[in-house]
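Report on one structure; see the data block that follows.
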Amino acid sequence: MKIDAVEFFYLSMPEILDIGDGSQDLLLVRIVDSTGAIGWGECEAAPLVSIASLVCPKSHSACKAVADSVVSQRIDAVSDISRIGRLVHQNSMDVLQADHTLSGIDIALWDLLGRRLNEPVYKLLGYPHAYPKMPYASLLFGDTPHQTLDDAKKLRAEGFRAIKFGWGPFGHTTPAADYDQLAAAREGLGADGILLVDAGTVWAGDFEAARARLDAVKHFRATWLEEPFRSGELEEYRKLAELSGDVKIAGGEGCHNFSMARHMIDYAGIGYVQIDASRIGGITPAKQVADYARAKGVTFVNHSFQSHLALAASLQPFAGIESDTICEYPVRLKPLAWEATCEHLTPDRNGQIQYPEVPGVGMTPDVVALKKYLLDVEIKVRGEVLYRTPVL
């Protein structure tokens with residue numbers, strides 16, 4: 057079978073707020089093969105930039121539109137997905153958005169192949185079983201410690217044993233203000249809860265600023281401190297990890313290829329590597345990271361703060377690793393992200409996320425609900441229309 061079409065859909069909330077919430081817009085990917093079979097994916101990236109990378113005019117031999125390496129390619133087996141990914145890397149090496157754009161395509165190819173072969177993606181990845189994961193409720197720090205306290209109490213009452221607070225005001229003012237936020241999170245979560253802290257790269261290479269908060273993070277018994285620095289700041293990560301004691305350092309969501317993630321595992325001293333399948337290049341490289349992390353004794357954790365299509369895709373790469381038990385679960389999604397799929401992954405009576413035993417990734421976009429969020433986009437160069445919003 058051949059790939060007949062790669063279609064991108066730019067969906068957005070009416071207003072985009074200046075907050076660390078990736079559920080405010082969405083780039084949906086639909087791939088159609090020569091039999092009419094469909095696979096769905098999602099990119100974690102600025103949608104318009106990724107659309108441009110899909111269709112951009114050729115600049116030179118290593119700077120071609122991503123679509124040129126995908127359309128008309130055969131898709132008959134798992135090996136074809138890797139082959140197509142290699143073509144994209146070869147032909148779009150200098151298109152810096154290519155890995156983000158490939159992410160949604162790769163996910164859609166796994167979904168298409170799973171649907172065609174009537175198998176869940178995790179089985180196509182070689183896992184005989186999918187183990188349930190314990191979701192941690194993922195949300196932003198409140199604007200005030202009181203709001204953080206209230207959010208933590210509510211989520212614990214909803215049954216979440218683990219909660220991650222991140223971004224918001226944390227790290228932007230004083231260590232004392234951050235101490236108050238951590239105290240509120242711990243109080244609301246309870247003494248026996250699992251507290252996770254996400255600094256959102258706020259210190260950007262400023263090792264001393266991160267170290268100034270470390271005692272408070274230890275005092276309130278956080279399991280990890282996530283992304284104190286940007287992904288490439290390996291020396292700062294390593295130095296902080298040497299001082300963090302029982303608090304593990306987590307990172308990796310900013311990695312947009314396998315090599316970046318491997319460097320984080322090998323040189324940054326992290327205890328948890330957090331990989332977003334809709335950012336790193338898809339399920340294919342995310343599975344590579346999961347295998348590598350396991351061999352190196354580092355725990356793999358999904359990253360996802362988008363729709364449940366992206367969430368389900370992010371879970372596939374470590375579905376069959378029994379020892380890696382915790383997964384990110386965004387709990388304050390914007391209506392767009394929640395309405396994006398007909399199905400949802402919700403905790404069962406034991407508070408666990410179970411993998412859907414259905415073909416493909418397991419999520420179906422709700423095209424009726426999504427139409428009200430669809431943006432009309434056209435890209436034209438020299439009078440030729442390179443992209444126009446497809447019919448959803």
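If you're matching positions, the sequence shown starts at 57 in my numbering and goes up one per residue. Just so you know, even glycine gets a beta-carbon here, dropped at the ideal spot from N, CA and C. Please read these numbers as outputs of a predicted model, since none were measured by experiment.
Distance between residue j and residue i (C-alpha atoms, nearest Å)
i                 : j             : result
alanine 193       : glutamate 289 : 27 Å
aspartate 162     : valine 127    : 13 Å
alanine 218       : glutamate 98  : 26 Å
histidine 319     : serine 334    : 20 Å
phenylalanine 64  : serine 90     : 18 Å
lysine 295        : histidine 202 : 33 Å
glutamate 413     : tyrosine 328  : 27 Å
threonine 157     : alanine 101   : 8 Å
glutamine 330     : glycine 249   : 21 Å
serine 363        : alanine 260   : 28 Å
histidine 185     : leucine 371   : 13 Å
serine 300        : alanine 208   : 24 Å
aspartate 74      : histidine 275 : 31 Å
cysteine 119      : valine 151    : 6 Å
tyrosine 323      : aspartate 199 : 34 Å
phenylalanine 226 : leucine 270   : 13 Å
alanine 121       : leucine 67    : 22 Å
leucine 401       : lysine 304    : 28 Å
Residue i in three-state terms, based on DSSP
i                 : result
proline 70        : coil
alanine 61        : strand
lysine 304        : strand
tyrosine 378      : Inspection of the sequence shows that residue 378 is occupied by glutamate rather than by tyrosine. In this structure, glutamate 378 counts as coil in the three-state DSSP scheme.
phenylalanine 356 : strand
glutamate 283     : coil
tyrosine 385      : strand
glycine 76        : coil
glutamine 410     : coil
threonine 397     : strand
glycine 141       : helix
lysine 390        : coil
aspartate 404     : coil
alanine 368       : helix
Whole-angstrom C-beta distance between residue j and residue i, which should lie under 8 Å
i                 : j              : result
lysine 390        : serine 117     : Wrong, their Cβ atoms sit about 41 Å apart, outside the cutoff.
valine 387        : leucine 195    : 6 Å
alanine 351       : isoleucine 326 : Wrong, their Cβ atoms sit about 15 Å apart, outside the cutoff.
phenylalanine 221 : alanine 241    : 5 Å
glycine 337       : histidine 312  : 7 Å
leucine 168       : leucine 180    : Not really, about 11 Å apart at Cβ, beyond 8 Å.
asparagine 147    : serine 125     : 5 Å
leucine 110       : valine 177     : Actually they are not in contact, since the Cβ atoms of leucine 110 and valine 177 sit about 23 Å apart, beyond 8 Å.
isoleucine 106    : leucine 82     : Just to set this straight, residue 106 is serine in the shown sequence, not isoleucine. With a Cβ gap of about 11 Å, serine 106 and leucine 82 do not count as contacting.
valine 417        : tryptophan 166 : 7 Å
aspartate 234     : alanine 272    : 6 Å
leucine 426       : methionine 69  : Not quite, the Cβ-Cβ distance comes to about 12 Å (not below 8 Å), so this is no contact.
Option in the options with minimal Cα separation from residue i
i                 : options                           : result
glutamate 395     : Phe374, Pro421 and Asp404         : Pro421
phenylalanine 216 : Asn406, Gln203 and His156         : Asn406
serine 379        : Pro188, Ser109 and Asn174         : Pro188
aspartate 206     : Phe361, Ser135, Gly246 and Val85  : Gly246
serine 360        : Lys58, Leu73 and Asp77            : Asp77
aspartate 347     : Gly376, Thr257, Ile107 and Asp234 : Gly376
aspartate 132     : Leu143, Trp96, Tyr293 and Leu173  : Leu173
isoleucine 382    : Trp280, Gly416 and Ile321         : Trp280
valine 253        : Glu243, Arg269 and Ala278         : Ala278
threonine 204     : Pro341, Pro191 and Trp223         : Trp223
glutamate 440     : Pro113, Ala93, Tyr66 and Met57    : Pro113
threonine 257     : Met419, Glu283 and Ala265         : Glu283
valine 144        : Arg267, Asp155 and Val134         : Asp155
glycine 95        : Arg171, Ser159, Lys343 and Ile72  : Arg171
Contact with chain D by residue i, beta-carbon distance below 8 Å
i          : result
leucine 67 : The chain inventory of the structure shown lacks chain D, comprising one protein chain alone.
Any non-hydrogen atom of the ligand MG within 7 Å of residue i CB
i            : result
cysteine 311 : With respect to small molecules bound, the structure shown includes none, and the ligand MG cannot be examined in it.
Quiz item: Counting only runs that start and end within the segment 181 to 265, where is the alpha helix (DSSP H) found for 4 or more residues in a row?
Solution: For the segment 181 to 265, whole alpha helix (DSSP H) runs of length 4 or above, ordered along the chain, are 201 to 213 and 231 to 245.
Quiz item: Quick one: complete beta strand (DSSP E) runs, 3+ long, within the segment 97 to 127?
Solution: Assignment of beta strand (DSSP E) within the segment 97 to 127, counting only whole runs of 3 or more residues, yields no such run.
Quiz item: Can you give, in chain order, each stretch of the alpha helix (DSSP H) that sits fully within the segment 307 to 350 and has at least 4 residues?
Solution: You should have 314 to 323.
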